[in-house]
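*Asks:* This is the structure I want to talk about, given as structure tokens.
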Amino acid sequence: MTFRKDRLLSAVVAAISILLFLPTLKFPKSASYYPQGILILLVLLCIPLWVKAKKEETVTIELVLKNFLTTRNLLYVIGSIILLISLMDVIGLYIELPLFVGFIMYRLGFRKRLPLFAISLGLTFLVYLLFGVMLKVQIPMGLLQM
Amino acid sequence: MKHGKMFASILLVLLVGVAPLLAQGQAELEYPTKGIEVLVGYSAGGATDIAARLVAPFMEKELGKPVTVINKPGAGGEIAHSATAIAKPDGYTLGYIHAPATISITLNRKASYALQDFVIIGNVVYHENLIVVPPTSRFKTIQDVLTYAKENPGKLTIGNSGAYADDHLASLALQNTAGVKFEDTMFQGTAPSLVALLGGHIDLVMCNVADIVDKVKQKQLVVLATLGSERNALFPDSPTMKELGYNVMMGNYTTLAAPANTPAPIVKLLQDTLQKVTASEEYVAKATEMGLPIKYFTAQETTEIYKQQEQRLKELWITLGLPTQ
Amino acid sequence: MQAFLQGLQLTTTFPALFAIFIGSIGGIIIGALPGLSSTLGVALLVPFTFGLEPATAMGLLAGMYCSSIYGGSITAILINTPGTGAAAATVLDGYPMTKNGQAGKALYTAIISSFIGGMFGTFALLFIAPLLSRVALKFGPPETFMLSVFGLTIIASVSSKNLTKGIMAGLFGLLLSTVGFDSVTAYPRYAFGNIHLYEGIALVVALVGFFSIPEALTLVKSKQKKMNIDIDLKKNSDDNRLTGKEILRLIPTFLRGSVIGTLIGIIPGVGTPVACFLAYNEEKRFSKHPHLFGTGIIEGVAAPETANNAVEGGSFVPLLTLGIPGSSQTAVYLGALLILGIKPGPELFSTQAPIAYSIILGLFIANIMMLFLGLGGVRYFVKIIKMPNAVMIPVILTFSIIGAYAINASIFDVGLMFFLGLIGYVMRLNSIPIAPTVLALILGPIGEDAFQQTVSITHGQVWMIFSRPICIVLLVITVLSVFFSLRKNRIVE
Chain A
-11 MTFRKDRLLS AVVAAISILL FLPTLKFPKS ASYYPQGILI LLVLLCIPLW VKAKKEETVT
49 IELVLKNFLT TRNLLYVIGS IILLISLMDV IGLYIELPLF VGFIMYRLGF RKRLPLFAIS
109 LGLTFLVYLL FGVMLKVQIP MGLLQM
Chain B
924 MKHGKMFASI LLVLLVGVAP LLAQGQAELE YPTKGIEVLV GYSAGGATDI AARLVAPFME
984 KELGKPVTVI NKPGAGGEIA HSATAIAKPD GYTLGYIHAP ATISITLNRK ASYALQDFVI
1044 IGNVVYHENL IVVPPTSRFK TIQDVLTYAK ENPGKLTIGN SGAYADDHLA SLALQNTAGV
1104 KFEDTMFQGT APSLVALLGG HIDLVMCNVA DIVDKVKQKQ LVVLATLGSE RNALFPDSPT
1164 MKELGYNVMM GNYTTLAAPA NTPAPIVKLL QDTLQKVTAS EEYVAKATEM GLPIKYFTAQ
1224 ETTEIYKQQE QRLKELWITL GLPTQ
Chain C
17 MQAFLQGLQL TTTFPALFAI FIGSIGGIII GALPGLSSTL GVALLVPFTF GLEPATAMGL
77 LAGMYCSSIY GGSITAILIN TPGTGAAAAT VLDGYPMTKN GQAGKALYTA IISSFIGGMF
137 GTFALLFIAP LLSRVALKFG PPETFMLSVF GLTIIASVSS KNLTKGIMAG LFGLLLSTVG
197 FDSVTAYPRY AFGNIHLYEG IALVVALVGF FSIPEALTLV KSKQKKMNID IDLKKNSDDN
257 RLTGKEILRL IPTFLRGSVI GTLIGIIPGV GTPVACFLAY NEEKRFSKHP HLFGTGIIEG
317 VAAPETANNA VEGGSFVPLL TLGIPGSSQT AVYLGALLIL GIKPGPELFS TQAPIAYSII
377 LGLFIANIMM LFLGLGGVRY FVKIIKMPNA VMIPVILTFS IIGAYAINAS IFDVGLMFFL
437 GLIGYVMRLN SIPIAPTVLA LILGPIGEDA FQQTVSITHG QVWMIFSRPI CIVLLVITVL
497 SVFFSLRKNR IVE
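Chains as they are written, first to last, in our numbering: chain A, -11 to 134; chain B, 924 to 1248; chain C, 17 to 509.
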């Protein structure tokens, strides 16, 4: 099924806005007016968006999925980030970072071995200096917990 | 000789048998063997953080192991309180709690901890709430304020540092006890409320000692009354509400605590250490230099204070019908 | 006068000047790195001020403050990722200029504008601080509310072509700003039971999420090896520098931006991002070719960059005269001042005048230092573009992740940042502008809090605010602003 791009957008935004309206019913009165007003305006704006949707820009569900899935690199990057965040407490950032940086560099085509290691480790060390030492931020240590 | 040998062996057996028992007594006091973490629920540079970082090095010197302050800001302190409450009760994780903030969170919403989850080590900082006005205000004494408020209920605007913050609660308690009605205006922190006060947009501000000491010295503000149990040495001309006949005392306590099931000997050691540290000249001198309103109360006194505060706040919550979500 | 000279002596000592130099270098780096804000930079240096002479300590912080606000523009221009909130508006024309091969020109515009703005703000601080502080006090909650309303109308002008999408983006930003405790009842809105959301979404988390992540993801998808832009700084092309003629052309821009920045600076609680968007908007409004904004013109870079540095000088006004910080950076400053035994407030200029002057002079010198470093650095900054994408992308991602984490030492924030980043990426794919969302996210809380305070002060009769002169003025400006931008939109279409 082909949709005009903006019409798909309009439908999605309207649906999400209506969904987000439900939690506001539990807010205390004075706190609820503001978000409710915003959501109502959003839904109203979906109307001109729908109407003005350009005929030329169309999408199909296949196209949307294809767009996201064909660029393997994109999936690798997004996947690595999600993995990094979920395992931050377990493995620790100082171990994750060089792996992360190295992996992404490799996947994006950087094949020179030595610079790859150097940059991965160097960047991690820089982070350690700047955040761990100077700013004294408590970086998740994970496996390195002493 | 035979008896001697027997004696010796009995003695040896006794020693070998008793020694482990003695050793067990020693092992419990084998604390600390590694660094201690102290959780603070606000970001670096804030009042609690400064107090924590003042106390830490002194504790470290006494205990012989590193004492590190860790900031875990968020949810008005709830994140740190929660982390302290569920931490392993081995004495290596401590945290700072506050009255009324730590208590009011549990009354205002479904908190992720309860007051019983903590065992108190001792109180470090205390400063009372007080009411300030600019010198140009039409109110010269607190009596003026109360009289006006009685005749014009809800007309006087009093600023605070946030909904259900200690100063907001102080204002509510005062209104409740004195039988007057103010209009509480919420700000994000004391600084914006003082700007509004100085600009003449609101009539009064309820805040803490530390917030305005400098400004009073520079004659930008006048303290109409304090909510302490006795007059504050910094503001000798400002009466307490108590002496004027209004039995309302509100202030901010910053207290060191540990997770509830921390073994008693460890808790005792920490309590004694804190007591020692806060009595030392060096500590007092440094705190005075920094302008920190230190006030030590023992663990027992503090536990009692918290119990009373909880009671009073619960009553206040019911009387005023405050939200409990 | 004597105090002024004494202050000058204190500031021109070798340690003080060296401190300014170090602070400035650090400032440019921290400003440029996405995920590190200028407030963080100033906070980072505070521990180093212990044991230093006041003038030296102040110099260190001044250097960091000035240069970090400028530094954000470097990455904003070169890789479409503002290093600090102050540079959020600089991407609008800065990055298009880079794509047009005019990165050098954009960078020179940024440094010169930052310098002029900074000097203007500091001059204002020096000469009319008392007057400005009186103006600052007149800004009560009703005025702040009207200012936020006006600020929100700017969304129209940063919405590039599609107004509907722009407004929707703005509404989305407002919605995000409601997450967390509401100011009157302390009810945690949209927290879904997660205590990490109780205090709302931190600005840096949103900034990094909405700018850095979509940029990184777009670069990944593009499969390009590096930016195919030939920037040969040895070529004597006009693309690589700012000509004298152009500087003259920018004079009205500099003036507008400086005034706006200084005024916004003196109002406590508003801050640099608001100033830069406001300046951009006003520049567009007064321009003879408003439709060129967003395609890469120097005015689009000069306006926000002048304004955000002018905010510095302005933000010191409430700090020094009232002892109340005007921005988050000056709040950190306040802590440092108190530790050094300097007591800001009305008596500062009578009891500690030389120190007060040395603080101001420190700012002057910091601005000059920033100018030299910036001008000299352009040829090196530009090399960033030459970095292969395979390296640049992980670098951006790394700093985004750490930057988001460092705010509250919270892994949740990193996840939130990434989640917002994915939304930002989807927005990009749908041609929904991101600037309105960020602007609304900043102004939303300011506006809503001010509104609630106004309701409290007027005892429910909000219309009373229109008996206040500043509110009337702001109302008129807002109405005119909306009227004119609608008219211009209709003409262009």
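Ideal Cβ placement from N, Cα and C applies to all residues, glycine included.
Below 7 Å CB to CB, which residues in the same chain sit around C:A73 once its five sequence neighbours on both sides are set aside?
*Replies:* Counting only Cβ-Cβ distances below 7 Å, and skipping sequence neighbours, we find T65, A352 and L356.
*Asks:* Name the residue from B:G1045, B:A1008, B:L1193 and B:G1077 whose alpha carbon lies nearest to the alpha carbon of C:T474.
*Replies:* B:G1077
*Asks:* Going along the chain, which residues of the segment 101 to 123 of chain A sit with their C-beta nearer than 7 Å to a C-beta in chain E?
*Replies:* The structure shown contains no chain E; its protein chains are A, B and C.
*Asks:* If I measure Cβ to Cβ from C:I170 and keep anything under 6 Å in the same chain, skipping five residues before and after, which residues do I get?
*Replies:* F293 and N297
*Asks:* Within 10 angstroms of its Cβ, does C:I267 collect 16 or more other Cβ (buried), or is it exposed?
*Replies:* exposed
*Asks:* Does B:I1217 come out as helix, strand or coil in the three-state DSSP assignment?
*Replies:* Of the three classes helix, strand and coil, the one that applies to B:I1217 here is strand, per DSSP.
*Asks:* Taking Cβ to Cβ, would you say A:V89 is nearer than 8 Å to A:I107?
*Replies:* yes
*Asks:* Given this structure, state the Cα-to-Cα distance separating B:G948 from C:A425, to the nearest angstrom.
*Replies:* In this prediction, B:G948 scores a pLDDT of 46, lower than 50, which makes its location untrustworthy; no coordinate-derived value is stated.
*Asks:* Cβ atoms of C:S54 and C:A102: under 8 Å apart, would you say?
*Replies:* yes
*Asks:* In the DSSP assignment, what are the bridge partners of B:V1146?
*Replies:* B:V1055
*Asks:* Taking only runs that begin and end inside the segment 1070 to 1117 of chain B, name each unbroken beta strand (DSSP E) of 3 or more residues, in chain order.
*Replies:* With a minimum length of 3 residues, the continuous beta strand (DSSP E) runs that stay inside the segment 1070 to 1117 of chain B are 1080 to 1083 and 1106 to 1109.
*Asks:* A:P23 CB to nearest chain B CB: under 8 Å?
*Replies:* no
*Asks:* Apply the 10 Å Cβ neighbour rule to C:T259 and answer buried if 16 or more other Cβ atoms are within range, or exposed otherwise.
*Replies:* exposed
*Asks:* Hey, out of C:Y373, C:K237, C:H305 and C:L308, whose CA is closest to C:M17's CA?
*Replies:* C:Y373
*Asks:* Just to confirm the assignment, what range does the alpha helix (DSSP H) spanning C:M135 have?
*Replies:* A119 to K154
*Asks:* Kindly indicate the opening and closing residues of the beta strand (DSSP E) around B:T1016.
*Replies:* Element bounds for B:T1016: T1016 to A1022.
*Asks:* Going straight from the alpha carbon of C:G133 to that of C:C82, what length do you get?
*Replies:* 10 Å
*Asks:* By alpha-carbon positions, which one of C:L391, C:G310 and C:I448 ends up nearest to C:N116?
*Replies:* C:G310
*Asks:* Look up C:G196 in the DSSP assignment and give the residues it is bridged to.
*Replies:* C:R205
*Asks:* Hey, could you find the ends of the alpha helix (DSSP H) A:T(-10) is sitting in?
*Replies:* Where A:T(-10) is concerned, there is no enclosing alpha helix (DSSP H), although the beta strand (DSSP E) it sits in stretches over T(-10) to R(-8).
*Asks:* By the three-class DSSP mapping on this structure, what secondary structure does A:T46 have?
*Replies:* strand
*Asks:* Name the DSSP bridge partner or partners of B:A1181?
*Replies:* Beta-bridge pairing links B:A1181 to B:V1042.
*Asks:* Who are B:E960's beta bridge partners in DSSP?
*Replies:* B:T991 and B:T1016
*Asks:* Taking Cβ-Cβ distances below 7 Å as the criterion, which residues of the segment 1135 to 1149 of chain B are in contact with chain C?
*Replies:* D1137, K1138, Q1141 and Q1143
*Asks:* Taking the Cβ atom as the reference point for each residue, do C:T337 and C:P306 lie within a distance shorter than 8 Å?
*Replies:* Against a cut-off of 8 Å, the Cβ pair of C:P306 and C:T337 comes out as no contact.
*Asks:* Please report the distance separating the alpha-carbon of C:T201 from that of A:S74.
*Replies:* 34 Å
*Asks:* Within the continuous alpha helix (DSSP H) that includes A:V78, where are the two ends?
*Replies:* M76 to I79
*Asks:* Enumerate, from N- to C-terminal direction, the unbroken alpha helix (DSSP H) stretches of 4 or more residues contained entirely within the segment 339 to 390 of chain C.
*Replies:* 344 to 355 and 364 to 367
*Asks:* Could you please tell me which residues of the segment 429 to 454 of chain C, in chain order, have their CB closer than 7 Å to any CB of chain A?
*Replies:* Within the segment 429 to 454 of chain C, the residues whose Cβ lies closer than 7 Å to any Cβ of chain A are, in chain order, V430, G431, F434 and N446.
*Asks:* Got a sec, what are the start and stop residues for the beta strand (DSSP E) B:N1131 sits in?
*Replies:* L1127 to N1131
*Asks:* Any beta carbon from chain B within less than 8 Å of C:G390's own beta carbon?
*Replies:* no
*Asks:* Name, in chain order, the residues that DSSP records as bridge partners for B:T1163.
*Replies:* B:T1149
*Asks:* Report yes if the C-beta distance between C:M80 and C:L108 is below 8 Å; otherwise report no.
*Replies:* no
*Asks:* Is C:N96 helix, strand or coil when you go by DSSP?
*Replies:* coil
*Asks:* Give the range of the alpha helix (DSSP H) segment to which C:L407 is assigned.
*Replies:* Residue 407 of chain C is actually Val in this sequence, not Leu. Run containing C:V407: N405 to N424, per the alpha helix (DSSP H) assignment.
*Asks:* Excluding the 5 residues preceding and the 5 following A:N61 in the sequence, name in chain order all residues of the same chain whose CB lies nearer than 8 Å to its CB.
*Replies:* R95 and L96
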